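Engineer:
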Amino acid sequence: MDSQLSGGFLKHTLYPPSNFIPSSITLSNGVNVSHNAIGVVEITPPMADKAIVISSGIHGDETAPIELVDDLVSSVLDEAFVPTSRLLFIIAHPDAIHAHTRFIEENLNRLFAGINPQRNKECEMANELQAQVQSFFEKGSEEPWHFDLHSAIRASQHYMFGVVPASSKATDIRPLVNFLKASHMDAVMFSRTPSSTFSWFSAEKFGALAATFEMGRVARLYENNMDEFVPLRDALVALMCGKALPEPSAVKSFSIYKVTRTITKTDAAFNLAFSDDAANFTYFVEGAQLAEENGTLYSAIAGGEAVVFPNSKVAIGQRAALLVQPFEPDLSKPLYVNVERDPGPVAFS
Ligand SMILES: O=C(O)CCC(=O)N[C@@H](CCC(=O)O)C(=O)O
Ligand SMILES: [Zn+2]
């Protein structure tokens with residue numbers, strides 16, 4: 001085993017040596033493991049049909065994803081399974097993990113729209129991660145995938161859900177929807193405008209089947225009940241190993257939503273009209289007031305809207321909430337999540 005990783009990927013990421021230099025080994029099963037950078041491990045099997053990025057730690061206090069990535073890297077190193085996909089595992093932002101915070105100076109998951117001026121650690125990290133992912137995808141022509149793993153700040157009416165970014169690429173995202181079902185997730189929501197998130201970066205630049213996954217709710221490191229994520233782990237291992245995906249849950253339903261509107265905070269006076277601890281996917285009937293900013297009122301449109309990721313404390317200029325409505329796509333035809341090809345079943349304002 002790579003001596004740098006012998007104590008575990010997470011431990012190395014949190015307590016790296018001051019003299020880190022990239023290193024690489026080939027396991028007895030022929031799989032190459034390259035420790036490209038602190039927090040970045042690349043796996044290369046002799047033959048591959050997919051190239052899959054699995055990232056965590058983009059927000060330092062969202063720890064179940066970090067535990068899952070650490071566990072998957074250990075399993076590859078222990079040869080517990082043999083991947084048939086190239087893999088890029090990421091544990092980002094050790095400083096924020098140590099500090100048990102979402103970020104230190106700036107929300108890292110809003111910095112993936114291109115090279116950032118290096119004004120703080122998050123900007124440097126976003127630049128480094130974009131370079132790592134670009135180099136990873138450009139090395140081969142395998143089908144690109146990216147799962148950016150997160151956990152929600154608040155309670156949620158759907159405990160595990162995916163957010164599929166809108167991209168301008170003609171990527172049929174039905175395999176991603178099937179993967180979410182096979183992972184026993186509860187819901188997926190489709191964006192309709194570009195964002196600057198990590199999953200959007202991979203979808204937009206490389207046409208990847210990419211999504212942000214919300215794995216339950218934030219908890220301290222090693223205080224997560226990882227049993228909740230066994231179906232997700234099983235589906236990831238099946239995908240990485242070229243095996244058939246597990247069957248969707250026989251007991252859980254799967255809901256699909258489309259973003260109707262993004263509410264952006266443009267002034268310190270921004271207020272949400274509902275309680276700060278409202279759960280994700282709380283539904284508001286048509287006309288119900290949602291937010292207010294200097295006399296501008298936001299209220300739910302025809303058909304009502306559910307609110308996701310409401311947060312009045314975000315920086316000015318950033319998203320303060322997503323509003324969604326149920327959506328029933330025709331899954332017998334290619335499904336694109338982008339503005340140009342969007343059939344647009346609801347009215348937007
Ligand atoms: O619970 C919350 O409010 C935030 C959880 C989280 O970090 N979500 C991601 C979603 C990214 C996306 O829209 O794809 C984020 O806000 O960065
Ligand atoms: Zn997050």
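Taking full-length UniProt numbering, I'd label the letters of the sequence shown as residues 1 to 349.
Glycine is no exception: its CB is placed at the ideal position from the N, C-alpha and C atoms.
In this text, all values refer to a predicted model and were calculated from it rather than measured experimentally.
Quick one: using the 10 Å Cβ neighbour count with 16 as the cut-off for buried, is Gln289 buried or exposed?
Structural biologist: Flag for Gln289 reads exposed.
Engineer: Which residues bound the beta strand (DSSP E) around Gln325?
Structural biologist: Residues 319-326.
Engineer: Is it buried or exposed for Asn225, if we count other Cβ within 10 angstroms and need 16 for buried?
Structural biologist: Exposed, because fewer than 16 other Cβ atoms sit within 10 Å of the Cβ of Asn225.
Engineer: To the nearest whole angstrom, what separates the beta carbons of Phe309 and Asn280, a pair I think is in contact under 8 Å?
Structural biologist: Contact holds; Cβ gap of about 7 Å.
Engineer: Closer than 8 Å by C-beta to Ala219: which residues in its own chain qualify, once you throw out the five before and the five after it? Chain order, please.
Structural biologist: Answer for Ala219: Thr63, Ala64, Ser151, listed in chain order.
Engineer: Report yes if the C-beta distance between Arg176 and Leu149 is below 8 Å; otherwise report no.
Structural biologist: Note on identity: in this sequence residue 176 is Leu, with Arg being the wrong assignment. Result no, Cβ atoms of Leu176 and Leu149 do not sit closer than 8 Å.
Engineer: Using only alpha-carbon positions, find the residue among Ile43, Asp70, Ala48 that is nearest to Ser56.
Structural biologist: Of Ile43, Asp70, Ala48, the residue nearest in Cα terms is Asp70.
Engineer: Let me check you understand the geometry: is the CB of His150 closer than 7 Å to at least one non-hydrogen atom of ligand 2?
Structural biologist: Indeed, a heavy atom of ligand 2 lies less than 7 Å from the Cβ.
Engineer: Around the C-beta of residue 371, are 16 or more other C-beta atoms found within 10 angstroms, so that it is buried, or is it exposed?
Structural biologist: This structure does not reach residue 371, given that the chain is present from 1 up to 349, and the question cannot be answered.
Engineer: Spatial neighbours of Lys181 within its chain, please: CB distance less than 6 Å, with the 5 preceding and 5 following residues excluded, ordered by chain position.
Structural biologist: Correct list, in chain order: Pro248, Phe254.
Engineer: CA-CA distance, Phe229 and Thr282?
Structural biologist: Rounded to whole angstroms, Phe229 to Thr282 spans 23 Å at the Cα level.
Engineer: So, for Gly317: in the same chain, excluding its five sequence neighbours on each side, which residues have a beta-carbon less than 8 Å away from its beta-carbon?
Structural biologist: Correct list, in chain order: Thr264, Lys265, Thr266.
Engineer: Quick one, which of Phe81, Ile90, Gly303 has its alpha-carbon nearest Ser34's?
Structural biologist: The shortest C-alpha separation from Ser34 is found at Ile90.
Engineer: Compute every distance between the C-beta of Asn127 and the non-hydrogen atoms of ligand 3, then say whether any falls below 7 Å.
Structural biologist: Ligand 3 is absent from the structure shown, which contains only ligand 1 and ligand 2.
Engineer: Count the other CB atoms within 10 Å of the CB of Gly162; is the residue buried (16 or more) or exposed (fewer)?
Structural biologist: Classification for Gly162: buried.
Engineer: Would you check if the distance between the CB atom of Asn12 and the CB atom of Gly60 is smaller than 8 Å?
Structural biologist: Note on residue identity: the sequence assigns His, not Asn, to residue 12. The answer is no: Cβ separation not under 8 Å.
Engineer: Just reading off the beta strand (DSSP E) that Glu293 is part of, what are its end residues?
Structural biologist: Per DSSP, Glu293 belongs to the beta strand (DSSP E) from 289-293.
Engineer: With three or more beta-carbon pairs closer than 8 Å as the criterion, would you say the region 98-113 touches the region 121-132?
Structural biologist: In short, these stretches touch, since the Cβ pair count reaches three.
Engineer: Using a threshold of 7 Å, is the CB atom of Ser195 nearer than that to any non-hydrogen atom of ligand 1?
Structural biologist: Within the cutoff, so yes.
Engineer: Rounded to the nearest angstrom, what separates Pro45 and His184 at their Cα positions?
Structural biologist: Computed Cα separation, rounded: 28 Å.
Engineer: Would you report the Cα separation of Asp276 and Met47, rounded to the nearest angstrom?
Structural biologist: Each residue's Cα considered, the two are about 50 Å apart.
Engineer: I believe Glu293 touches Val324 by the beta-carbon criterion, under 8 Å. Please report the beta-carbon distance rounded to the nearest angstrom.
Structural biologist: With a Cβ gap of about 20 Å, Glu293 and Val324 do not count as contacting.
Engineer: Is Val41 near Phe9, with beta carbons less than 8 Å apart?
Structural biologist: Cβ atoms of Val41 and Phe9: closer than 8 Å.
Engineer: Looking at the secondary structure, which residues open and close the alpha helix (DSSP H) in which Pro144 lies?
Structural biologist: Taken as a continuous stretch (DSSP letters only), Pro144 belongs to no alpha helix (DSSP H), being part of the beta strand (DSSP E) at 143-152.
Engineer: On the three-state DSSP scale, how would you describe Thr171?
Structural biologist: Of the three classes helix, strand and coil, the one that applies to Thr171 here is coil, per DSSP.
Engineer: Which complete beta strand (DSSP E) runs does the region 156-243 hold, if anything under 3 residues is left out?
Structural biologist: Listed in chain order, they are 160-164, 187-190, 209-217.
Engineer: Under a Cβ-count criterion, where at least 16 other Cβ atoms within 10 Å of its own Cβ denotes burial, should Gly39 be classed as buried or exposed?
Structural biologist: It counts as buried.
Engineer: Alpha carbon to alpha carbon, how far is Pro231 from Asn178? Give it in angstroms, no decimals.
Structural biologist: Rounded to whole angstroms, Asn178 to Pro231 spans 13 Å at the Cα level.
Engineer: Counting only the same chain and skipping the five closest in sequence on each side, list residues whose C-beta sits under 8 Å from that of Pro22.
Structural biologist: Ser34, His35, Asn36, Ala37.
Engineer: Run the CB neighbour count on Val133, radius 10 Å, all protein chains shown included, and call it buried at 16 or more, exposed below.
Structural biologist: So Val133 counts as buried.
Engineer: From the DSSP output, in three-state form, read off Lys252 for me.
Structural biologist: In this structure, Lys252 counts as coil in the three-state DSSP scheme.
Engineer: Taking the continuous beta strand (DSSP E) assigned at Ser23, which residues delimit it?
Structural biologist: Segment 23-26, the beta strand (DSSP E) holding Ser23.
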